[in-house]
Amino acid sequence: VIKEYGQLPQVECYPGQLNQVFMNLLNNAIDALDEQNKERSIEEITTSNYTIRIRTRLHDNNSVEIRISDNGLGMPKEVQQKIFNPFFTTKSVGQGTGLGLSISYQIV
């Protein structure tokens, strides 16, 4: 995990709800990187350079920008169009509810 934190002012917010958003995003990033390992050997997995990056910055002096990214395979356009839909998931049965990003969207 690479942390690139900018100098930020105090922000009035609901920290518990934002924590839920960040955890959903981080869990999805971890799942995306794990998905790449399904067809790889142990040697390939141990030599891979998986990265999750967290960046923060002050945007236009009146808002804070927080970015969480990974170097996973990415999402096809048709998946991108559905990610905030309640109960939409690309995970196997029993692996996810499909509510994480939908709830995160509502919080933000």
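Using my numbering, you'd call the opening residue of the sequence shown number 124 and step up by one each time. Think of the CB as a built atom: it goes at the ideal place given N, C-alpha and C, for glycine as much as any other residue.
Asked	Found
Proximity of V124 and I177 at Cβ, strictly below 9 Å	yes
The alpha helix (DSSP H) enclosing K161, as first and last residue numbers	Taken as a continuous stretch (DSSP letters only), K161 belongs to no alpha helix (DSSP H), as it is neither H nor E.
Boundaries of the beta strand (DSSP E) in which E201 is found, first to last residue	E201 -> not in any beta strand (DSSP E); alpha helix (DSSP H) instead, spanning 200–203.
Bridge partner(s) assigned by DSSP for T213	Answer is none; T213 lacks a bridge partner.
Range covered by the alpha helix (DSSP H) that runs through S227	223–230
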